[in-house]
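The structure appears right after this line, and notes come after that.
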Amino acid sequence: AGRFPHGTDKMVGQLDIVHAIAERQGLDFNFLIADLSQQVSRGAWRDDGNVPTLTTLCHLYSFAHHRVLLGEECLWLQGFPVDHLDVSAHTEVERIFLAGNAMSVPV
34 AGRFPHGTDK
44 MVGQLDIVHA
54 IAERQGLDFN
64 FLIADLSQQV
74 SRGAWRDDGN
84 VPTLTTLCHL
94 YSFAHHRVLL
104 GEECLWLQGF
114 PVDHLDVSAH
124 TEVERIFLAG
134 NAMSVPV
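Residue 140, in the numbering used here, is where the sequence shown stops; the numbers in between run on with no holes.
Next up, the structure:
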């Protein structure tokens, strides 16, 4: 629970498993992000500078920051200009839902 004190028991268990796998495989913890809303068997983690697929219920845990990514960060990852958006009327869960429901458009 030390790495994720606000996580559910299931999420903390998944985090421990991903951490053990990452250590065994020599993954880069500076870039490692795991989606704790997915089963460990799906391999929903990356350490190559890319992010696992954003879903409407994702819980992307950053090992470098020792926390789950925020909704605004998820929107930013989708390419939204978060500095110019007012998302204050939305809860954190709604922001993550919006990011997970969006499609990235190449520019």
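C-beta: ideal position from N, C-alpha, C; glycine also.
Output the boundary residues of the alpha helix (DSSP H) element that contains residue i.
| i | result |
| --- | --- |
| residue 48 | 42 to 58 |
| residue 132 | 125 to 134 |
| residue 108 | 104 to 110 |
To the nearest angstrom, how far is the alpha carbon of residue i from that of residue j?
| i | j | result |
| --- | --- | --- |
| residue 55 | residue 116 | 33 Å |
| residue 110 | residue 96 | 17 Å |
| residue 46 | residue 76 | 15 Å |
| residue 99 | residue 122 | 27 Å |
Can you list, in chain order, the residues of its chain whose CB lies under 7 Å from that of residue i, leaving out five sequence neighbours each side?
| i | result |
| --- | --- |
| residue 101 | 92, 93 and 94 |
| residue 105 | 115, 120 and 128 |
Tell me where the beta strand (DSSP E) around residue i begins and ends.
| i | result |
| --- | --- |
| residue 68 | 66 to 68 |
| residue 121 | Where residue 121 is concerned, there is no enclosing beta strand (DSSP E), given that its DSSP letter is neither H nor E. |
| residue 142 | In the structure displayed, the chain extends from 34 to 140; residue 142 sits before or after that span and is not available. |
What distance in whole Å lies between the Cβ atoms of residue j and residue i, which are believed to be in contact at a cut-off of 8 Å?
| i | j | result |
| --- | --- | --- |
| residue 70 | residue 88 | 7 Å |
| residue 112 | residue 138 | 7 Å |
| residue 48 | residue 59 | Actually they do not touch by this definition, with Cβ atoms about 18 Å apart. |
So, for residue i: in the same chain, excluding its five sequence neighbours on each side, which residues have a beta-carbon less than 6 Å away from its beta-carbon?
| i | result |
| --- | --- |
| residue 67 | 51, 78 and 94 |
| residue 64 | 80 and 82 |
Who are the Cβ neighbours of residue i in its own chain at under 8 Å, not counting the five residues just before and after it?
| i | result |
| --- | --- |
| residue 90 | 70, 129, 130 and 133 |
| residue 57 | none |
| residue 108 | 115, 118, 120, 128, 131, 132 and 135 |
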